[in-house]
Each structure stands twice: as structure tokens, then as C-alpha cells.
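With my numbering applied, the sequence shown covers 329 to 990. For each residue, glycine too, the CB sits at the ideal point set by N, CA and C. Given the structure is predicted, the values throughout are model-derived calculations rather than measurements. Only one structure is covered here, and it is reproduced in the block below.
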Amino acid sequence: MKLKVLIIISLLMLSVSTIAQAKRIETTTIMALQGSGEFSPFTKPKQKIYQSAQQFKVSGVITHVQPQALGEDLPQGFFLQDVYGDNNPLTSDAIFVVSNNKNIKKGQVVSVTGHVAEHYGWTQFKARKINHTNTSKTLNAVPLVALSSDKNFSQTLERYEGMLVNITEQSDLFVSRSLSFDRQARRVNMSLAHQGITYQPTQHFAPGSSDSHHLNKKNQQRQLIIESHQSQPKGVVSWYLDFAKSNSQGSTDHYIRISDQAVNLTGVVGYSYKQFRLYVTKQATKASFKHLKPRTSAPVIKPATLKVATFNVLNYFNSPFGGDKNPREQSRGAHSLAEFNQQAQKIVAAITALDADIIGLLEIENNGYGKNSAIVDLVTRINATLPPAKHYRFVQHQQQQFIGTGAITSQLIYRPQVVTKQQSRIIEMPQQHAPRSGKESGKNFMRDALTVTFNTLTTQRQLTVSVNHFKSKGSACWEDAALQHFKDPDLQASCEHFRVSAAYHLGKSLEKISGHKLIIGDLNAYAQEDPLAILTKRKSTSSPRKITAARDTYIGGNKKSGKPLHGIKGKVIEQSFGYLNTVAMFHPQAYGYSFSNHVGTLDYILASPSLQSFIVDATEWNINAAESSLLEYARKHTGNRTKFNDPYRSSDHDPVIISLNL
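So this is what it looks like as C-alpha cells:
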């Protein structure tokens with residue numbers, strides 16, 4: 329009984345002590361609250377103590393007022409910075425104060441009483457009382473610079489958390505994603521990366537290797553998201569109002585491209601969803617970014633007797649605007665006639681500037697070859713801008729109405745003044761008919777490969793071009809559900825086994841065709857991923873791994889109607905076909921697609937070894953991936969923003985082109 333009484337008394341005393349501590353207010357500095365680590369020394373997140381029991385009183389000048397919350401990233405409140413700082417680069421001189429007090433202004437010197445707290449990794453101060461002074465002060469933005477002692481750039485940004493900073497040339501920050509709609513944040517923003525752009529890990533390293541996982545982690549630590557601090561009308565960039573302003577010559581000089589260096593941006597540093605964010609507080613101008621790789625009006629490529637290209641035309645659908653129907657009777661493209669005409673003009677501008685003799689086209693509507701088909705519509709528009717000697721003709725395989733049964737397909741156009749068509753084939757690509765696994769049906773498909781053999785008019789040499797579009801990384805296949813539980817252990821995204829099936833079957837099918845060959849198109853695989861390892865030459869990796877094709881695959885149908893490719897266990901693929909990754913031969917750091925703040929190559933021109941002595945040059949023409957998606961024809965996220973009929977952001981994939989003396 330006495331023991332119970334003692335325990336009760338002890339608990340009461342502890343409670344009274346805790347309440348007394350909470351009521352006692354300690355005057356301190358912002359720097360002391362921030363500390364030199366990831367979290368405030370007055371919180372213990374690892375022990376699930378996210379707010380200090382102690383109340384504190386701190387003073388500083390208000391550098392930015394946030395009158396309304398910005399989604400779930402930036403609460404209502406203000407950024408408070410110590411007037412003098414402590415000259416300790418390891419501690420931030422500022423903190424974000426969560427408050428609904430509306431009687432505050434930028435430049436006011438105030439003292440604030442409250443608790444320091446950790447909000448999902450962002451050290452904040454929760455105000456209980458704000459005392460205004462009669463003093464005002466203007467603070468200059470502090471240059472944001474990494475220290476040699478910083479373990480990574482995230483640690484650099486932690487030192488500036490909450491502060492008013494200026495990004496300069498010495499900050500060493502480069503655009504890793506231009507202005508685009510961030511689907512997670514549900515608003516337009518962009519990203520910078522420290523010391524250079526960020527490549528997809530499997531662009532340079534083997535899937536699942538320690539190197540690829542290390543790069544993936546390092547890339548995340550190098551990012552800084554650039555934000556407006558307020559909600560913006562569609563198409564408006566409130567911190568750069570002149571962005572994409574017309575130059576009265578059918579384009580704009582106010583653009584931001586991947587690899588541009590940020591040299592003058594001012595804002596306050598916040599943190600949310602495991603990403604540091606700079607909320608820009610001062611208007612940017614054209615001079616805020618330095619174009620290290622500016623736009624070009626045409627591909628920079630050495631001339632030769634024959635040029636071949638591949639180009640994704642971003643769901644070119646004309647069926648909603650008087651065109652013929654596709655087998656699925658669906659549209660993935662423009663939502664209005666105005667959008668479609670804009671899309672068409674941008675694509676025509678890109679193709680005419682590309683100036684290739686043979687072009688594979690991807691993501692074009694699969695609605696036949698009649699006068700109201702998408703392919704006829706596009707070729708007619710292109711030829712209307714060119715002299716007769718440069719006109720294109722499309723390939724129709726054996727009077728076949730459709731290629732496959734999908735809404736989109738791959739097509740091929742060529743100049744009959746340069747090459748003549750000898751033969752066309754459709755290589756039917758694998759289908760997966762596996763058992764259902766949860767929500768995954770087990771039934772998966774991809775586009776068939778249009779494969780055409782040409783003769784050059786000048787030399788009568790033969791060249792076979794196969795246009796391909798492998799299964800998307802954003803899809804789901806049986807292996808993703810049943811074996812990987814929708815995780816991504818090898819960093820190849822979804823359906824990598826199915827793409828392996830495609831690569832193997834394509835390679836085996838092309839072996840039956842003699843002569844020089846090019847595999848072109850969107851293989852939906854980065855340069856070191858499994859499909860490329862099979863189609864090119866395998867490299868030994870630090871972690872040898874088996875490359876396995878998908879299970880239950882068939883050619884030309886299902887188990888009853890198709891020809892079996894690989895059975896219930898799939899197949900370990902040991903063969904590689906030796907094709908040359910032509911762009912990588914000339915430009916090892918090339919990229920042609922941007923996704924989630926990373927770049928890499930998905931579209932390729934792979935050449936048979938027999939062509940090596942004929943290849944003059946090959947390149948990606950960075951007119952799309954590097955540019956802001958706000959410049960695309962679609963208006964879903966851009967409202968009434970002015971668009972241009974130039975080639976820039978005519979698609980989301982960059983064209984790839986090769987020149988050959990054949």
C-alpha cells in the first residue's frame with residue numbers, strides 16, 4: 329500500500345515538474361534551436377518526441393510571410409531569421425514559424441514564444457505568442473554554398489534551412505527538370521541538382537548493382553525543388569512572369585532547359601516530403617539562368633549520304649477531328665481541334681528540321697492508311713512545307729489496314745528520291761498470357777515491329793530498318809505482382825522481364841534477315857538495362873546476375889492460338905546480338921528523356937556490326953526532354969498560356985538521328 333502511495337506521489341511530482349518546465353520560458357537564439365544536426369537538440373524524433381516540452385523565446389526579422397498554406401508543403405506562418413547570426417556555418421540562422429497571426433509584415437523584428445518541433449524532418453517553431461517591436465530591418469540574402477566538410481548536398485541545405493538565400497554561380501546548381509506539373513505536389517515546379525544533372529542509375533550502371541543503388545541515393549541527396557510560395561493560375565509562373573514570353577518571331581528567348589546553371593535565384597529554404605525546397609521570393613529573369621547547352625534549330629550532326637531517325641510523336645490522334653477510328657475507338661491525344669493543330673504544327677516543324685531520309689514514328693494513331701488516317705494527315709502536312717525532292721512516303725505493309733490491335737502503332741516514312749522500298753514485314757512481338765496475380769490480370773501486350781528493307785538509290789546497298797516500341801515502364805506485368813510485389817529491387821521499373829522477351833524475340837527474328845540492319849525506336853529501357861544488354865554486347869558487372877525473360881509468352885496469340893515463346897518458368901537469356909548503341913559511341917553522356925528529376929535514354933538507333941565502317945555520326949536532338957512541358961500543345965496544366973509552332977517540346981521524347989555513308 330505504501331509503495332503504491334509513493335508511486336502516485338512520484339508521478340504527481342513528475343507531472344507538476346513537466347508542467348512547470350513547459351510553462352517556464354527560456355530566452356534563446358534561433359541557432360540554438362536549430363543546432364548543428366539534422367534535428368533540433370530539443371526534440372528526439374527517434375524516440376517519437378517531435379516537440380520540445382520546454383517553451384522558448386526567440387527574436388529575429390521576418391524575411392517572408394506565408395499568409396496561406398501551399399498544399400501540405402508550406403504551412404501558414406512566416407520565416408524568421410536572426411538579425412546577426414552566429415558566424416557558425418554549421419547552424420542555420422533562421423526558422424519557419426507556424427502561426428495564423430495576420431498582423432505581421434516582412435521586415436518586422438519580432439520576438440516569438442513557443443515550442444520547437446520537427447515536422448517530418450523540417451525544424452519549425454510553433455508560435456504561442458508574438459511580440460512586435462517598432463523596429464524594421466532588411467536582410468540581404470545569404471549566398472548558398474557547399475562546404476568541403478558537407479557529407480552531401482542535403483547536409484548543405486540543412487545548414488540553410490529556413491534562411492533567405494541567393495543561388496549564385498558558386499552554388500553549382502543545374503536544372504535537372506525544367507518547369508513541369510509535379511504530380512505529387514499537384515502544381516508546377518522544377519528541380520535543380522548540385523554539381524550537374526542527375527542520370528537514371530541504370531543509364532550508367534547494371535540493374536540492381538550496388539553502384540546503381542548508390543547513385544540512386546546520391547541523386548536524391550543532390551536535389552533542390554524550386555517552387556512558387558503561392559498557388560498559381562494554370563500556366564503562370566509567378567516567380568518568373570516573363571517565362572516563355574514571345575520574341576515576336578514565333579518562339580521565345582525566355583526558356584529554361586535541363587543543364588542550365590542557376591546563377592541568380594533568391595528565396596527561402598523549406599523542407600517537405602523528404603525534399604528541400606526553395607520558395608522563390610524575388611522575380612527571376614532571363615539572366616537568372618545560364619544556358620550551357622542552348623537550343624539549336626537543327627540536329628548538330630556530321631553530314632553523310634543517308635540519315636535515319638526515330639521520333640515519338642506524342643499520341644498523334646486525328647480520329648476525334650474527322651479522322652478514321654482505331655481498333656480501340658479511343659483517343660490518347662489532343663482534346664480539342666486547336667490543340668491538335670498546335671500539336672501537328674510543332675511536330676511538322678521538328679520533322680522538317682530533322683531532315684532525315686528514313687524516319688520511324690512512334691505513338692501515332694493506328695487508324696489505317698486511308699485519306700482520313702493519322703499517317704496520311706501527318707505526311708500531307710509535312711510534304712506541304714517541303715519541295716518535291718524532299719517529300720516523304722509512308723509504308724503500308726501488304727495493304728494491311730492496321731498494325732496490331734492497339735490504339736497507337738509505329739509507322740515509317742521515307743524519301744523515295746533517296747531510297748526505294750524492297751520489302752516490308754511485321755514482326756509480331758510477344759504476348760503474355762500468365763495466370764492472374766492479385767489485381768494483375770497476367771495478360772500483357774506490346775506494339776508489333778514494322779520492319780522494312782530499303783535499297784539506297786546511289787549505291788544500291790540494302791538496309792533493313794525495324795521500328796520498335798517495347799512495353800512501358802509504367803505498366804504492370806505478372807512478374808511485378810507475383811515475384812516483386814510491385815517493388816523495384818533492380819531499378820528497372822515494371823515489365824523488365826517482358827521487355828527482355830521482346831529483345832530476345834526481336835534479335836532472333838532479325839537474324840533471319842540478311843544484310844545491314846538498324847533497330848530504332850523506344851525500347852523503354854535505359855542504356856545498361858537488360859533489353860540493351862541482350863541486343864548489344866553484354867558487359868561483365870560487379871554483381872553477375874541472370875537476365876530472365878517473362879513467363880507464359882506467345883507469338884501471334886494466346887496459349888491456344890499463338891506460338892509458344894517461353895513457358896511457365898520464362899527463360900534465362902544468355903545470348904546477346906552484338907548491335908551497336910550508336911549514340912553512345914559518340915556521346916556517352918547523351919540523354920533523350922526526363923522522368924522524376926532524372927534523365928536517360930529510352931530511344932535508340934542500334935546498328936548491326938556490319939554497319940560500323942559506314943557510320944559517320946549519331947546524336948540525340950534535345951528539343952523535348954530538356955524543355956519545359958508547359959510548352960507542349962496540351963493545355964490541361966497551362967490554361968491560356970501562349971504556345972509556339974516551333975519544334976521545342978513537340979513531344980516528351982527527343983528524336984534520335986544517325987548519318988551513314990551507305
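Beta-bridge pairing of residue i - partner residues as DSSP gives them
i	result
phenylalanine 370	Per DSSP, none; premise fails for phenylalanine 370.
histidine 471	It is proline, not histidine, that sits at residue 471 in the sequence shown. Paired residues: Asn494.
serine 387	Ser439
glycine 928	Tyr921
threonine 781	Gln751 and Thr792
serine 508	Asn517
leucine 860	Leucine 860 pairs with nothing; no bridge assigned.
phenylalanine 617	Ala590
lysine 891	Ile883
asparagine 772	Gln760
tyrosine 527	Val927
lysine 799	The partner list for lysine 799 (beta bridge, DSSP) is empty, contrary to what the question assumes.
alanine 455	Gly442
For residue i, the nearest candidate out of the options (CA to CA)
i	options	result
serine 566	Val503, Ser556, Pro648 and His833	Ser556
arginine 352	Ile377, Ser368 and Ala381	Ala381
serine 482	Phe502, Gln551, Gly734 and Gln940	Gln551
glutamine 409	Phe370, Lys614, Thr708 and Thr419	Thr419
alanine 831	Ala572, Val900, Arg709 and Met518	Val900
lysine 610	Thr929, Val493 and Phe668	Val493
glutamate 489	Ser519, Gly363, Lys888 and Gly536	Gly363
threonine 496	Arg511, Arg515 and Leu520	Leu520
tyrosine 607	Ser938, Ser559, Arg969 and Ile554	Ile554
leucine 863	Ser499, Asn796 and Phe905	Phe905
histidine 926	Phe384, Asn544, Asn468 and Ser499	Asn544
histidine 981	His447, Pro758, Thr638 and Thr713	Thr638
threonine 779	Gly849, Pro758 and Val628	Gly849
lysine 457	Pro471, Asn547 and Asn429	Asn429
lysine 385	Gln375, Arg709 and Glu354	Glu354
aspartate 705	Ala717, Gly766, Gln673 and Phe798	Gln673
glycine 770	Ile896, Leu485 and Gln729	Ile896
glutamate 902	Ala677, Ile875, Pro403 and Ala678	Ile875
leucine 851	Met757, Ile679 and Arg963	Met757
arginine 753	His761, Gln728 and Ala762	Gln728
Beta carbon of residue i nearer than 9 Å to that of residue j
i	j	result
isoleucine 731	arginine 775	yes
aspartate 588	lysine 618	yes
glutamate 768	alanine 810	yes
asparagine 654	asparagine 700	no
valine 444	serine 368	yes
alanine 572	proline 975	no
proline 373	arginine 487	no
leucine 834	alanine 777	yes
valine 437	lysine 465	yes
serine 829	glycine 898	yes
tryptophan 450	tyrosine 599	yes
histidine 582	glutamine 856	no
serine 508	tyrosine 568	no
aspartate 454	glycine 442	Per the sequence shown, the amino acid found at residue 454 is lysine instead of aspartate. The answer is yes: Cβ separation under 9 Å.
glutamine 528	phenylalanine 798	no
valine 503	isoleucine 584	yes
serine 574	threonine 970	yes
Supposed contact pair residue j and residue i - C-beta distance, whole angstroms, cut 8 Å
i	j	result
threonine 781	glutamine 750	5 Å
valine 564	threonine 391	Actually they do not touch by this definition, with Cβ atoms about 24 Å apart.
valine 426	glycine 405	5 Å
histidine 1017	alanine 877	Outside the shown range of the chain (329 to 990) lies residue 1017, about which nothing can therefore be said.
leucine 893	asparagine 909	About 25 Å; that fails the 8 Å criterion.
lysine 562	threonine 966	6 Å
glutamine 739	isoleucine 692	5 Å
aspartate 880	phenylalanine 914	Their Cβ separation, rounded to whole angstroms, is 40 Å, which puts aspartate 880 and phenylalanine 914 out of contact at 8 Å.
histidine 844	leucine 785	Contact doesn't hold; Cβ gap of about 16 Å is too wide.
glutamine 498	proline 535	The pair is not a contact, with the Cβ atoms about 36 Å apart (cut-off 8 Å).
Exposure of residue i, with buried meaning 16 or more beta-carbon neighbours within 10 Å
i	result
phenylalanine 814	exposed
glutamate 948	buried
arginine 505	buried
threonine 737	buried
aspartate 401	buried
tyrosine 854	buried
serine 868	Unreliable placement is indicated for serine 868, whose pLDDT of 41 sits below 50; no coordinate value is reported for it.
alanine 348	Interpretation of alanine 348 is limited by its pLDDT of 49, a score under 50 that renders its predicted location unreliable; the figure taken from the coordinates is listed afterwards. Burial call: exposed.
proline 983	buried
proline 622	exposed
Heavy atom of the ligand PLP within 8 Å of residue i beta-carbon
i	result
phenylalanine 668	For the structure depicted, the ligand PLP is absent and the ligand set is empty, with no information on it obtainable.
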